[in-house]
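Note sheet for the following structure.
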Amino acid sequence: MSDVSTLFELLTADVRRRLLVALCDVDSVQVPDGLLVRGQAQPVPSSDSLPRETPSLDEGSAHPLTFQLHHNHLPKLVDAGVIEWDRETGTVSRGPEFEEIEPAVRLLVANAHALPGEFL
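Written out as C-alpha cells, the structure is:
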C-alpha cells in the first residue's frame with residue numbers, strides 16, 4: 001500500500017478501524033469476538049446475544065456483523081496486505097503491509113479525543 005487514499009479508505013469503516021487498533025497491541029485477534037465496541041473493554045456480542053436487526057438469509061445465518069466482516073471488511077484488509085486472515089479459525093493477524101499503516105493508526109488513537117464523534 002503506497003498511497004494515502006488507500007489508507008483512508010481502509011480506515012473509513014469503524015469495524016476496520018477497531019480491528020487495526022487492536023492489532024497495534026496484539027499479534028492476532030479472533031473475529032468478531034476480539035473486536036472492541038467503541039473503545040470499551042468489551043468484546044462485540046456474539047450472534048446469539050444480539051437481536052436480529054435485518055432479516056437473515058436463513059435461520060442458520062450468522063449475525064450481520066459477521067457477514068459484513070467475512071464478505072466486505074476482512075477481504076478489503078487482506079487485499080491491501082495489512083492483515084492475514086485464517087478463515088478456519090477466525091484468526092486475524094498482522095499482514096506484511098501492516099507496519100506501513102501502524103504509525104497512522106497509532107496517531108489516530110493518540111489523538112482520538114480531538115477527532116469528531118466516536119471515531120475509534
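Going by UniProt numbering, 106 is the number at position 106 of the sequence shown; the sequence numbering is gapless.
Where a beta carbon is used, it is the ideal one built from N, C-alpha and C, also for glycine.
Keep in mind it's a predicted model, so treat the numbers as computed, not measured.
Checklist entry - Quick one: Cα of residue 116 to Cα of residue 107, how far? => result 15 Å
Item to check | Distance between residue 5 and residue 92 (C-alpha atoms, nearest Å) | outcome: Distance between the alpha carbons of residue 92 and residue 5: 23 Å.
Item to check | Cα-Cα separation, residue 90 to residue 110 | outcome: Taking the straight line from one Cα to the other gives about 28 Å.
Checklist entry - Among 105, 32, 112, which residue has its Cα nearest to the Cα of residue 86? => result 32
Item to check | When 71, 22, 69, 114 are compared against residue 102, the one with the closest alpha-carbon | outcome: 22
Item to check | Neighbour-count burial assignment, residue 71, 16 or more Cβ in a 10 Å radius | outcome: exposed
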